[in-house]
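A quick write-up on the structure given underneath.
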Amino acid sequence: MHVLEVQSLQKSYRLSGKVVEAVRDVSFNISAQEVLAFLGPNGAGKTTTIKMIAGLIVPDRGSVAIAGRNPHRQPNALRSLGAVLEGNRNIYWRLTPEENLEYFGVLRGLSGRVARQRAKVLLDRFDLSHKRKTTVQTLSRGMQQKLAIAVALIHEPQLLLLDEPTLGLDVEATQTVKQLVREIAHEGRAILLTTHQLDIAEELSDRVAIINKGKIVAQENTVDLIRQFSGTVYEIELEDGLSRDFLETLGRDRFQKLKSLGALIEKNCIYVRETELLYQALDILKPLAIARIEKDQANLTDIFLKFIREDYYA
Ligand SMILES: Nc1ncnc2c1ncn2[C@@H]1O[C@H](COP(=O)(O)OP(=O)(O)OP(=O)(O)O)[C@@H](O)[C@H]1O
């Protein structure tokens, strides 16, 4: 069973007499041990979707199930949810880490004893024990972020929503938080990660869902998505470019053969998709001097931009 099931979610807002379709028919699932990166440009509909999952906004249509329960009909569904949304506002800055963990533990239905026990374990695990009695506002941003994640885990939820978990952190704190996210998923939790830092999404996620203008425009395994769009594209640049002489030197037959390989011929370059085709293309191009051959190193950022632009021009 999926830990999170989001089915055909729909939400519109009315703003000065105009209807804004913020989320249109959004569906996805997340399983235990899985990190889904939920990506999209500003205003794409991410926050609205997440707030519907967290039970904070009622959808116009569609449904959410967390561990099989709908948070809009069965409030105890939220027992399976932990969330760090909009920075780390889920913690009290005037309290200490220990007080935060115990307070939120009890608020989430734990007994005082269990909350204290879990707080101790989490403080150790997140390397915050030495700061347990220091008020949160004097901690570093990295420590505050770690505490925010610890607080979200106090009731051992199956689903964790993480919004920009590494934003504003230095390199070392980013590494620590990334490692924690991996471990938390590994323990068996499902994680929904939203971030504008696409390198983080690429490193941490098992799957990616890209939302644009309220609609999911891509949803796939992260490695497959990147492999599909990159890595195997070779760019061949010719010494003399693709001038009129190019066709004369190459001859029509060879030019047609090149095209039949599925090669894309554009500006100064020829692009082919697979290693085997690269050798065939080079064979065809033999009479011409080659200036450069390069393997395309596209990453999630390129893919993200491609989907957003394609959707823009559609
Ligand atoms: N309370 C609201 N009233 C009216 N329109 C809203 C409201 N909240 C969001 N919107 C609109 O809904 C659309 C989706 O917004 P949403 O905040 O979900 O996007 P987002 O992907 O989270 O963006 P960001 O990355 O900037 O946080 C936007 O056009 C936004 O202006």
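Per our numbering, residue 31 is the first one in the sequence shown, and the count goes up by one each step.
We put the CB at the ideal spot given by N, CA and C, even for glycine.
Just so you know, these numbers come straight off a predicted model, no measurement behind them.
Nearest-angstrom beta carbon gap, residue j and residue i [assumed within contact, 8 Å]
i: F156; j: A180; result: 5 Å
i: V114; j: A178; result: 5 Å
i: L189; j: I96; result: 5 Å
i: L307; j: Y301; result: That pair is no contact at about 10 Å.
i: H102; j: R138; result: The Cβ separation is near 19 Å, so there is no contact.
i: R162; j: P127; result: 5 Å
i: T331; j: L192; result: With 8 Å as the limit, T331 and L192 do not qualify as a contact, their Cβ atoms being about 20 Å apart.
i: V166; j: N130; result: 7 Å
i: F337; j: A248; result: 5 Å
i: E324; j: E265; result: 5 Å
i: Y133; j: L125; result: 7 Å
i: S57; j: V36; result: 6 Å
As assigned by DSSP and simplified to three states, the class of residue i
i: V253; result: helix
i: I333; result: helix
i: Y309; result: helix
i: I87; result: coil
i: G92; result: strand
i: S61; result: coil
i: L34; result: strand
i: N106; result: helix
i: R237; result: strand
i: Y343; result: Reliability fails at Y343, whose pLDDT of 45 lies under 50, so the model's placement of it is uncertain and no value is given.
i: D200; result: coil
i: K176; result: helix
i: R99; result: strand
i: L425; result: The requested residue 425 does not occur in the structure, where the chain is confined to residues 31 to 344.
i: R54; result: strand
i: A248; result: strand
i: L272; result: coil
i: L158; result: coil
i: L169; result: coil
i: H216; result: helix
i: M82; result: helix
i: T164; result: coil
i: I314; result: helix
i: Q227; result: coil
i: I338; result: helix
i: A74; result: coil
Sheet register partners of residue i (DSSP bridge)
i: R44; result: V49
i: G112; result: L190
i: E267; result: C299 and R322
i: I221; result: V65 and L190
i: N242; result: K245
i: L294; result: Y301
Start and end residues, alpha helix (DSSP H) containing residue i
i: E128; result: P127 to L137
i: V144; result: G142 to R155
i: K287; result: R282 to S290
- prompt: Does the region 59-68 touch the region 235-242, meaning 3 or more C-beta pairs lie closer than 8 Å?
  reply: yes
- prompt: Quick check: the region 310-323 against the region 274-287, are there 3 or more CB pairs under 8 Å?
  reply: yes
query: Within the chosen definition, does the region 201-214 reach the region 163-177 through at least 3 CB pairs nearer than 8 Å?
result: yes
query: Are there three or more Cβ pairs, one per stretch, closer than 8 Å when the region 217-229 is compared with the region 68-88?
result: yes
Segment contact flag, the region 41-56 with the region 83-91, C-beta cutoff 8 Å, min 3 pairs: yes
query: What residues come near ligand 3, if near means a beta carbon less than 6 Å from any of its heavy atoms?
result: Ligands displayed in this structure: ligand 1; ligand 3 is not among them.
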